[in-house]
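A.B. asks: One structure, pasted below without further comment.
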Amino acid sequence: GIQVEQSPPDLILQEGANSTLRCNFSDSVNNLQWFHQNPWGQLINLFYIPSGTKQNGRLSATTVATERYSLLYISSSQTTDSGVYFCALQRGNTPLVFGKGTRLSVIA
Amino acid sequence: DTEVTQTPKHLVMGMTNKKSLKCEQHMGHRAMYWYKQKAKKPPELMFVYSYEKLSINESVPSRFSPECPNSSLLNLHLHALQPEDSALYLCASSQDRAGRVVYGYTFGSGTRLTVV
């Protein structure tokens, strides 16, 4: 099956700092999503981005499908950004597969 | 309505109990999923329903029994669970199995299950 690799596994930021999270994958995909899992366990869909660039407030994402990677940018981080960020992929009809996640801690 | 609703949010059950988890969506999605997530791990697929038919069972033990009564509802029946089954159980839906919509998969907020 498709392989998903996220980096870094852990990240600690000072409030106000910027960061870039990376997701590498092993094959072409028809679905790529970035999720934020908050401390209560809720998976919040940030972006559906199998290709191209999208922005939503302080967050933006870019997927370069031909080079098989996606980046999630967080600018001016806030303590509420803490949690785990997952990249999840789908190829054809196979169900969504998750990477191991990046655990982000933003400290005041 | 762009949500997947899961009930209950928390559940504590004994190893001899029978309980059910419920999941509901009204987005017209025709594929629904159960995922299991252990602490500090990513979600892992358990079951896939497509057009109300079970299409994937990821070798899940029979003490977990899924049911899709209609296109909006998905249940997970639990019986004779073990303490190691304690986890967060997440339900998701998508337009179809290929997720061909601008939103991809939508997840519910999960049921945190503790087996004692």
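For the protein sequence lines, the chains are A and B, in the order given. Our numbering numbers the first residue of the first sequence as 770 and each following residue consecutively. Our numbering numbers the first residue of the second sequence as 1421 and each following residue consecutively. Every residue, glycine too, gets a C-beta built ideally from N, C-alpha and C.
Which of the three DSSP states, helix, strand or coil, is assigned to A:D779?
C.D. replies: If you number the first sequence from 1, residue 779 of chain A lands on position 10. If DSSP states are grouped into helix, strand and coil, A:D779 belongs with the strands.
A.B. asks: To the nearest angstrom, how far is it from the Cα of A:G785 to the Cα of A:S851?
C.D. replies: For this step, residue 785 of chain A is matched to residue 16 along the first sequence. For this step, residue 851 of chain A is matched to residue 82 along the first sequence. Cα to Cα, the separation comes out at about 13 Å.
A.B. asks: Could you tell me the alpha carbon to alpha carbon distance between B:L1494 and A:S776, rounded to whole angstroms?
C.D. replies: The count along the second sequence starts at 1 and reaches residue 1494 of chain B at position 74. The count along the first sequence starts at 1 and reaches residue 776 of chain A at position 7. Approximately 34 Å, taken between the alpha carbons.
A.B. asks: If I measure Cβ to Cβ from A:L841 and keep anything under 6 Å in the same chain, skipping five residues before and after, which residues do I get?
C.D. replies: The count along the first sequence starts at 1 and reaches residue 841 of chain A at position 72. Counting only Cβ-Cβ distances below 6 Å, and skipping sequence neighbours, we find L790, W803, A830.
A.B. asks: What's the gap between the Cα of A:E836 and the Cα of B:M1435?
C.D. replies: Residue mapping note: residue 836 of chain A aligns to position 67 of the first sequence, counting from 1. Residue mapping note: residue 1435 of chain B aligns to position 15 of the second sequence, counting from 1. So the alpha carbons of these two residues sit roughly 48 Å apart.
A.B. asks: Assuming A:N862 is part of the beta strand (DSSP E), what are its boundary residues?
C.D. replies: For this step, residue 862 of chain A is matched to residue 93 along the first sequence. Counting along the chain, A:N862 falls outside any beta strand (DSSP E), and DSSP gives it neither H nor E.
A.B. asks: Which residue comes first and which comes last in the beta strand (DSSP E) that contains A:T789?
C.D. replies: Residue 789 of chain A sits at position 20 when you count from the first residue of the first sequence. Start and end: 788-794.
A.B. asks: With distances taken from CA atoms, which of A:L858, A:A857, A:C856, A:I843 is nearest A:Q783?
C.D. replies: Here residue 783 of chain A is taken as the residue at index 14 of the first sequence, counted from 1. Measuring from the Cα of A:Q783, the nearest candidate turns out to be A:I843.
A.B. asks: Secondary structure at A:A877, three-state DSSP: helix, strand or coil?
C.D. replies: Sequence index remark: in the first sequence, residue 877 of chain A carries index 108 (1-based). Looking at A:A877 - three-state DSSP - the assignment turns out to be coil, as it is neither helix nor strand.
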